[in-house]
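Take a look at the structure below.
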């Protein structure tokens, strides 16, 4: 039992250190700019060594997208765990709703943190390139998961079209709302509306 408790304590300490690094990085990105912030400065702000930084992240880009892998795993699990009688449009609607929650509930980060990340991605070319590659990879993975959840109802093409339509609409709505100067809460609501508009045309699926 002592060993188990010790392992749990170590894991919580790792989680606190990782969160401190992410918070420090976003704070510095906001104050100084992404390119101007160094890894050493992030480590110092989080009160750890640069060596410790590399135990958690390989680069500043990895810090910006710190939760992407976890959110993708949750999304795939949502599609794989569709309820009996749930249509493809319904499960996509639920996925969009849950995704907006996951965006700001990971380690208790806020809508403001999500907004800062979006502004960084829209502004920095290196982050734009990384985000584009992640977008393509994630949509391919989601389309595959949707097809596997409805093998008798959706072919690979239909599943890919549905995922691309819904998440393309959501992402474009968020970007458009960011350009208009709305709050991140407003952007979240706009994303939901965009998903509903798209899904209303996908209700025939299944």
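Numbering (our numbering), first residue to last: 2 to 207.
Beta carbons are placed, not taken as given, at the ideal position from N, Cα and C, and that holds for glycine.
Environment of residue i [buried if 16+ CB atoms lie within 10 Å]
i	result
residue 60	exposed
residue 55	exposed
residue 201	exposed
residue 175	buried
residue 125	buried
residue 101	buried
residue 173	exposed
residue 156	exposed
residue 83	buried
residue 79	buried
residue 152	exposed
residue 43	buried
residue 51	exposed
residue 97	buried
residue 121	buried
residue 143	buried
residue 10	exposed
residue 141	exposed
residue 158	exposed
residue 90	buried
residue 170	buried
residue 13	exposed
residue 130	exposed
residue 133	exposed
Range of the contiguous alpha helix (DSSP H) that encloses residue i
i	result
residue 63	61-65
residue 155	Taken as a continuous stretch (DSSP letters only), residue 155 belongs to no alpha helix (DSSP H), as it is neither H nor E.
residue 46	40-46
residue 58	That residue, residue 58, is in no alpha helix (DSSP H); it is neither H nor E in DSSP.
residue 49	Where residue 49 is concerned, there is no enclosing alpha helix (DSSP H), given that its DSSP letter is neither H nor E.
residue 149	126-150
Nonlocal neighbours in the same chain, by C-beta distance under 6 angstroms from residue i, ignoring five residues either side
i	result
residue 67	23
residue 38	29 and 30
residue 73	139
residue 166	199
residue 35	121 and 125
residue 16	none
residue 21	47
residue 1	Residue coverage of the chain in this structure runs from 2 to 207, which leaves residue 1 outside it and unanswerable.
Close Cβ partners of residue i (< 7 angstroms) along its chain, the five nearest in sequence each way excluded
i	result
residue 178	187, 188 and 191
residue 146	77, 80 and 81
residue 160	144, 147 and 148
residue 103	72 and 75
residue 40	51, 54 and 61
8 angstroms Cβ shell around residue i - same chain, five flanking residues per side excluded
i	result
residue 18	47, 49, 53 and 57
residue 135	66 and 69
residue 32	none
residue 63	none
residue 193	97, 98 and 101
Hey, which unbroken runs of the alpha helix (DSSP H) at 4 residues or more fall wholly within the stretch 70-124? For the alpha helix (DSSP H) assignment, the uninterrupted runs of no fewer than 4 residues enclosed by the stretch 70-124 are, from N- to C-terminal side, 89-106 and 112-124.
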